[in-house]
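K.L.:
In terms of the working numbering, the sequence shown opens at residue 1282 and continues consecutively.
Ideal placement from N, C-alpha and C gives every residue a C-beta, glycine not left out.
Being a predicted model, the structure only gives us computed values, none of them experimental.
Questions regarding the structure given below will be posed in turn.
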Amino acid sequence: MRVKYSLLLVACSGLLACSQNNQNAPSAKWLLVDNFEQPLKGWTKVDTDNQTQPYVANPQVTKIEAEDTAKGINHFLIKKPAENGIVGNRKALSYKKLPKTVPVGETYTFFTRINVASFPNNHAFGLSNLEPEQINVHGYDAFEATLRVTDKTESNGLVNTGALMVKTDKGYSNIQNYAQAQSAKPLDTNSWYNIWYVVNNASVKMQGQQYNVYVQGGEFKNQTLVYKNATFRMKRERPLSYFLANCNTGPHKKPYGNGGLRYDDIYMIKGVNLTNPIR
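Below you can see the structure in the form of structure tokens.
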């Protein structure tokens, strides 16, 4: 009798464990923001500080292009502040509403692939908690979680290297190769990088308004944590609702250049999820 009772306890324990595992199993699916396999839909493109001379209406280049891959034809978005040789477009904004708003207090993981078409350039992309009219007014200050690609020289003389950058309370910082205790190398051109950014939209008081970044590509052969506790740009503590990309040519006297940045496979999912949504 004692043996049967023990066996019954083991069986019940097994069933309970299975039940708990099922309850805790991740049920959420990656939500597609855009993979650019269809014509652009839901995107707003606006040039809010167009100082081109001679004047060019709507100078930004934001369009779908295609490439041959081992899996067939892949479509992606190419974004440039203007065609080569045109300078003076200082804010080339492109944004799309997220399929699900990220409430205050929640954490979501975002996935984006990028590919630097060429340097020199100055690009930023990430998330906003403003509505379109406000995005147009605030420009770069419409960002919260922000990633940056540039090799431009800052007004204080600092020369950016072309490494992927994040936002911090002290400005921008290169992502890090923690294993080698140094900044990451400049992004390779014409090479795709997978980027995961885990965005904590809790309040500052609750240690939120921060994000961690993981990268696979270039010097990072495997998915690697490259920055911990990057900070939101403005910390407005509002629901995140738009994916936003911005770039500019720089001023006429010292233009940055019109090198393009390619985007593909933008996804989001609730919680911390470091799986690859395109595999």
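Can residue 1486 be considered in contact with the ligand SAM, in the sense that its beta carbon sits closer than 7 Å to one or more heavy atoms?
P.N.:
In the structure shown, the ligand SAM is absent, as is every other ligand, since no ligand is present at all.
K.L.:
Following the continuous alpha helix (DSSP H) through residue 1416, name the residue where it begins and the one where it ends.
P.N.:
One-based indexing of the sequence shown puts residue 1416 at position 135. Counting along the chain, the alpha helix (DSSP H) containing residue 1416 begins and ends at 1413-1419.
K.L.:
Count the other C-beta atoms from every protein chain shown that fall within 10 angstroms of the C-beta of residue 1437, then say buried if there are 16 or more, exposed otherwise.
P.N.:
The count along the sequence shown starts at 1 and reaches residue 1437 at position 156. By the Cβ-count criterion, residue 1437 is exposed, with fewer than 16 other Cβ atoms from all chains shown falling within 10 Å of its own Cβ.
K.L.:
Classify residue 1555 as buried or exposed, calling it buried when 16 or more other Cβ atoms lie within 10 Å of its own Cβ.
P.N.:
Position 274 of the sequence shown holds residue 1555. Result: exposed.
K.L.:
Since residue 1447 and residue 1511 are thought to touch, with beta carbons under 8 Å apart, how far apart are those beta carbons, to the nearest angstrom?
P.N.:
Indexing the sequence shown from 1 puts residue 1447 at position 166. Indexing the sequence shown from 1 puts residue 1511 at position 230. Between residue 1511 and residue 1447 the Cβ distance is about 4 Å, and since that is below 8 Å, they are a contact.
K.L.:
Can you give me the start and stop residues for the beta strand (DSSP E) that residue 1391 sits inside?
P.N.:
Against the sequence shown, residue 1391 aligns to sequence position 110. Its beta strand (DSSP E) spans residues 1388-1397.
K.L.:
Between the alpha carbons of residue 1531 and residue 1545, how many angstroms are there, rounded?
P.N.:
As a working note, residue 1531 is residue 250 in the sequence shown. As a working note, residue 1545 is residue 264 in the sequence shown. Answer to the nearest angstrom: the Cα atoms are 25 Å apart.
K.L.:
Straight-line CA distance for residue 1458 to residue 1499?
P.N.:
Taking the first residue of the sequence shown as position 1, residue 1458 is located at position 177. Taking the first residue of the sequence shown as position 1, residue 1499 is located at position 218. Roughly 12 Å separates the two Cα atoms.
K.L.:
So what does DSSP say about residue 1526, is it helix, strand or coil?
P.N.:
Against the sequence shown, residue 1526 aligns to sequence position 245. Residue 1526 falls in the strand class under three-state DSSP.
K.L.:
Curious, which full-length beta strand (DSSP E) runs of at least 3 residues does the segment 1319-1379 contain?
P.N.:
1324-1328, 1342-1350 and 1353-1361
K.L.:
Helix, strand or coil for residue 1422, going by three-state DSSP, please let me know.
P.N.:
By one-based count along the sequence shown, residue 1422 stands at place 141. Helix at residue 1422.
K.L.:
DSSP three-state call for residue 1481: helix, strand or coil?
P.N.:
Taking the sequence shown and counting its residues from 1, one reaches residue 1481 at position 200. Looking at residue 1481 - three-state DSSP - the assignment turns out to be strand.
K.L.:
Quick one, which of 1310, 1422, 1394 and 1377 has its alpha-carbon nearest residue 1472's?
P.N.:
Working through the sequence shown from its first residue, we reach residue 1472 at position 191. When each option's Cα is compared against that of residue 1472, the closest is 1394.
K.L.:
Where residue 1346 and residue 1326 are concerned, what is the direct C-alpha to C-alpha distance, given to the nearest angstrom?
P.N.:
Position 65 of the sequence shown, counted from the first residue, corresponds to residue 1346. Position 45 of the sequence shown, counted from the first residue, corresponds to residue 1326. Going by the C-alpha atoms only, they are around 17 Å apart.
K.L.:
Report the rounded CA-to-CA distance for residue 1454 versus residue 1343, giving the unit in angstroms.
P.N.:
Residue 1454 sits at position 173 when you count from the first residue of the sequence shown. Residue 1343 sits at position 62 when you count from the first residue of the sequence shown. Their Cα atoms are separated by approximately 27 Å.
K.L.:
Can the beta-carbon of residue 1379 be found closer than 8 Å to that of residue 1430?
P.N.:
Counting from 1 along the sequence shown, the entry for residue 1379 is found at position 98. Counting from 1 along the sequence shown, the entry for residue 1430 is found at position 149. No, the Cβ-Cβ distance between residue 1379 and residue 1430 is not below 8 Å.
K.L.:
Taking buried to mean at least 16 other C-beta atoms within 10 Å of its own C-beta, is residue 1514 buried or exposed?
P.N.:
Taking the sequence shown and counting its residues from 1, the one referred to as residue 1514 is at position 233. Buried.
K.L.:
State yes or no: is the C-beta of residue 1541 within less than 8 Å of the C-beta of residue 1338?
P.N.:
Residue 1541 sits at position 260 when you count from the first residue of the sequence shown. Residue 1338 sits at position 57 when you count from the first residue of the sequence shown. No, they are not a contact pair.
K.L.:
Got a sec? Which residues, its chain only, sit under 8 Å from residue 1529 by beta carbon, not counting five neighbours each side?
P.N.:
On the sequence shown, position 248 is the one that residue 1529 refers to. Within the same chain, residue 1529 has close Cβ partners 1330, 1362, 1370, 1371, 1372, 1373, 1403 and 1537.
K.L.:
What does the alpha-carbon distance come out to for the pair residue 1381 and residue 1462?
P.N.:
Along the sequence shown, one-based indexing puts residue 1381 at 100. Along the sequence shown, one-based indexing puts residue 1462 at 181. Computed Cα separation, rounded: 37 Å.
K.L.:
Looking at C-alpha atoms only, which residue of 1354, 1333 and 1522 is the closest neighbour of residue 1424?
P.N.:
Numbered from its first residue, the sequence shown carries residue 1424 at position 143. Out of 1354, 1333 and 1522, 1522 has the C-alpha closest to the C-alpha of residue 1424.
K.L.:
Closest to residue 1385 by C-alpha separation, out of 1480, 1439, 1377 and 1406, would be which residue?
P.N.:
For the purposes of this step, residue 1385 is taken as residue 104 along the sequence shown, with counting starting at 1. With distances taken between Cα atoms, residue 1385 lies closest to 1480.
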